[in-house]
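J.:
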Amino acid sequence: MEDEEAFNAGYGSVLNLDGEVEMDASIMLGSNLNAGAVTVVKDIAHPISLARLVMEKTPHVLLAGAGANRFAKAQGIPEVPPGSLVTKYAQMALEEFKKRGGDDRTEIGHKNHSEVDTVGAVALDSKGNLAAATSTGGINGKMVGRSSDTCMIGSGTYADDNFGAVSTTGHGETIAKYCLAHAIIKEVERGKGVQNATKDTLEKMTQKLRNTAGAITISKEGEVGIFFTSKRMAWAYQRENELHYGIEHNQDIVEKFE
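Just so you know, the sequence shown maps onto residues 1 to 258 in the UniProt record's numbering.
In structure tokens, the structure reads:
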């Protein structure tokens with residue numbers, strides 16, 4: 001997904017006020033709570049791969065900016081040419097942002113060129129191991145050096161084999177204040193199913209903080225929870241020979257394949 005310009009991650013990321021791409025990503029394993037994250041990284045095609053290396057190759061959870069890029073170089077991850085991750089749509093979105101006088105409400109579902117948002121994935125393997133990963137270019141027109149919820153374990157990403165795995169998207173500052181991913185898992189821990197836990201937590205967050213978000217959740221039994229308080233959120237999951245996907249509220253399109 002980081003290679004697709006339709007998504008706000010990797011190639012296609014929105015731009016900061018200087019017209020540059022600065023990206024965040026995080027990954028977490030539910031089996032041992034190991035996690036890795038990067039923030040404000042530049043010229044890296046796949047920030048999520050760098051976050052995984054932080055998890056696997058360092059004693060740290062989060063690396064930032066120039067330090068993260070230096071670590072990438074040490075691990076043999078090549079930098080792409082400066083500006084090569086910038087798309088014409090991202091440039092148009094920044095121009096519109098500046099014309100509007102700096103409206104920082106870049107959320108999923110906006111009917112403009114900045115309508116894309118964070119991408120994420122949750123997974124359960126055959127051995128019962130859970131994992132979650134999230135990657136983003138952040139908010140259109142953000143200040144240089146801004147870090148998003150995506151790089152914050154417990155906000156953008158969380159996984160625990162005892163309960164579930166979550167990846168979130170939406171208004172980053174709101175998600176960070178609410179520690180959304182961990183809040184959803186706490187509801188599962190209290191006995192709720194993942195769909196109700198995801199829905200109830202998002203509705204409470206939006207009611208309290210007046211901004212929108214969405215999340216995908218998977219339980220240790222493989223149950224899926226999907227909910228968003230924004231106008232739209234693209235989602236998909238596969239179970240055996242069925243692909244489920246949607247973007248609007250109460251939409252569940254099913255395709256079967258051999």
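Beta carbons are placed, not taken as given, at the ideal position from N, Cα and C, and that holds for glycine.
Whether or not the region 145-153 and the region 25-41 are in contact is what I'm after, with contact meaning three or more pairs of Cβ atoms, one per stretch, closer than 8 Å; do they touch?
T.: Pairwise C-beta distances place the region 25-41 in contact with the region 145-153, as three or more of them are shorter than 8 Å.
J.: Exposed or buried, what is Met-92 when buried is set at 16 or more other beta-carbons lying within 10 Å of its beta-carbon?
T.: Walking along the sequence shown from the start, residue 92 turns up at place 92. Classification for Met-92: exposed.
J.: Tell me, to the nearest whole angstrom, how far the beta carbon of Leu-17 is from that of Lys-99; I am working on the premise that it is less than 8 Å.
T.: If you number the sequence shown from 1, residue 17 lands on position 17. If you number the sequence shown from 1, residue 99 lands on position 99. Actually they do not touch by this definition, with Cβ atoms about 14 Å apart.
J.: Taking 7 Å as the limit between beta carbons, can you name the residues of its chain near Ala-51, skipping five residues before and five after?
T.: Translated into the one-based positions of the sequence shown, residue 51 becomes position 51. Only Ala-25, Ser-26, Ile-27, Gly-36, Ala-37 and Val-38 meet the Cβ criterion.
J.: Can you check DSSP and say which residues form a bridge with Ser-147?
T.: Walking along the sequence shown from the start, residue 147 turns up at place 147. Per DSSP, none; premise fails for Ser-147.
J.: Please name the residue or residues paired with Asn-16 in a DSSP beta bridge.
T.: By 1-based counting over the sequence shown, the position of residue 16 is 16. According to DSSP, which records beta bridges pairwise, Asn-16 is partnered with Lys-142.
J.: Could you pull out every residue in the same chain whose Cβ sits closer than 7 Å to the Cβ of Asp-161, ignoring the five residues on either side in sequence?
T.: What you label residue 161 is simply residue 161 of the sequence shown in a count that begins at 1. Here the set comprises Gly-30, Ser-31, Gly-128, Asn-129, Leu-130 and Lys-220.
J.: If distances are taken between C-alpha atoms only, which option among Ala-9, Gly-67 and Gln-75 comes closest to Gly-137?
T.: Taking the sequence shown and counting its residues from 1, the one referred to as residue 137 is at position 137. Answer by Cα proximity: Ala-9.
J.: Just how far apart, CA to CA, sit Asp-117 and Asn-241?
T.: Locating residue 117 in the sequence shown gives position 117, counting from the first residue. Locating residue 241 in the sequence shown gives position 241, counting from the first residue. Roughly 28 Å between the two C-alpha positions.
J.: Are the C-beta atoms of Lys-204 and some chain C residue less than 8 Å apart?
T.: The question asks about chain C, but that chain is absent: this structure has only one protein chain.
J.: How long is the line joining the alpha carbons of Val-119 and Ala-165, rounded to whole angstroms?
T.: Taking the sequence shown and counting its residues from 1, one reaches residue 119 at position 119. Taking the sequence shown and counting its residues from 1, one reaches residue 165 at position 165. Answer to the nearest angstrom: the Cα atoms are 15 Å apart.
J.: How would you label Gly-170, buried or exposed, when you count the other beta carbons within 10 angstroms and need 16 or more for buried?
T.: Counting from one through the sequence shown, the residue named residue 170 turns up at place 170. Buried, because 16 or more other Cβ atoms sit within 10 Å of the Cβ of Gly-170.
J.: Quick one: what's got a C-beta closer than 7 Å to Lys-57's C-beta in the same chain, skipping five residues either side?
T.: As a first step, residue 57 is located in the sequence shown; it is residue number 57 there, counting from the start. Counting only Cβ-Cβ distances below 7 Å, and skipping sequence neighbours, we find Gln-75.
J.: Hey, Ala-123 and Thr-157: beta-carbon distance below 8 Å or not?
T.: For the purposes of this step, residue 123 is taken as the residue at position 123 of the sequence shown. For the purposes of this step, residue 157 is taken as the residue at position 157 of the sequence shown. Inclusion of Ala-123 and Thr-157 in the CB contact set at 8 Å is not warranted, their separation being larger than that value.
J.: Residue ranges of each alpha helix (DSSP H) run of no fewer than 4 residues wholly in the region 118-189, ordered along the chain?
T.: Correct list: 172-178 and 180-189.
J.: Check whether the Cβ atoms of Leu-243 and Ala-213 lie closer than 8 Å to each other.
T.: Against the sequence shown, residue 243 aligns to sequence position 243. Against the sequence shown, residue 213 aligns to sequence position 213. Not in contact: Leu-243 and Ala-213 (Cβ atoms no closer than 8 Å).
J.: Gln-75 bridges to which residues according to DSSP?
T.: By 1-based counting over the sequence shown, the position of residue 75 is 75. DSSP lists no partner for Gln-75.
J.: Span of the alpha helix (DSSP H) holding Gln-195?
T.: Numbered from its first residue, the sequence shown carries residue 195 at position 195. Unbroken alpha helix (DSSP H) run through Gln-195: 194-209.
J.: Is Pro-82 near the ligand FMN, with its Cβ less than 7 Å from a heavy atom?
T.: This structure lacks the ligand FMN, and indeed carries no ligand of any kind.
J.: How long is the line joining the alpha carbons of Ile-77 and Gln-207, rounded to whole angstroms?
T.: In the sequence shown, the residue the question calls residue 77 occupies position 77. In the sequence shown, the residue the question calls residue 207 occupies position 207. Looking at the two C-alpha atoms, the distance is approximately 42 Å.
J.: Just verifying my parser: in three-state terms, what is the DSSP assignment at Tyr-245?
T.: Numbered from 1 along the sequence shown, position 245 holds the residue referred to as residue 245. In the structure shown, Tyr-245 sits in a strand (DSSP, three-state: E or B).
J.: Does the beta-carbon of Ala-6 have 16 or more other beta-carbons within 10 angstroms, so that it is buried, or is it exposed?
T.: Along the sequence shown, read from residue 1 onward, the residue named residue 6 stands at position 6. Per the 10 Å Cβ criterion, exposed.
J.: Taking the continuous alpha helix (DSSP H) assigned at Ala-51, which residues delimit it?
T.: By 1-based counting over the sequence shown, the position of residue 51 is 51. First-last of the alpha helix (DSSP H) with Ala-51: 47-57.
J.: Give the secondary structure of Tyr-89 by DSSP, where H, G and I count as helix, E and B as strand, and everything else as coil.
T.: Sequence index remark: in the sequence shown, residue 89 carries index 89 (1-based). Helix, per DSSP.
J.: Shortest alpha-carbon distance to Ala-90 belongs to which of Gly-67, Glu-2 and Leu-15?
T.: Counted from its first residue, the sequence shown places residue 90 at position 90. Relative to the Cα of Ala-90, the nearest Cα in the group Gly-67, Glu-2 and Leu-15 belongs to Leu-15.
J.: Roughly how many angstroms lie between the CA atoms of Ser-135 and Asp-3, to the nearest whole one?
T.: As a first step, residue 135 must be located in the sequence shown, where it is residue number 135. As a first step, residue 3 must be located in the sequence shown, where it is residue number 3. Looking at the two C-alpha atoms, the distance is approximately 12 Å.
J.: Please name the residue, chosen from Met-55, Val-224 and Thr-217, that lies closest to Ala-183 on a Cα-to-Cα basis.
T.: By one-based count along the sequence shown, residue 183 stands at place 183. Taking only the C-alpha atoms, the option nearest Ala-183 is Thr-217.
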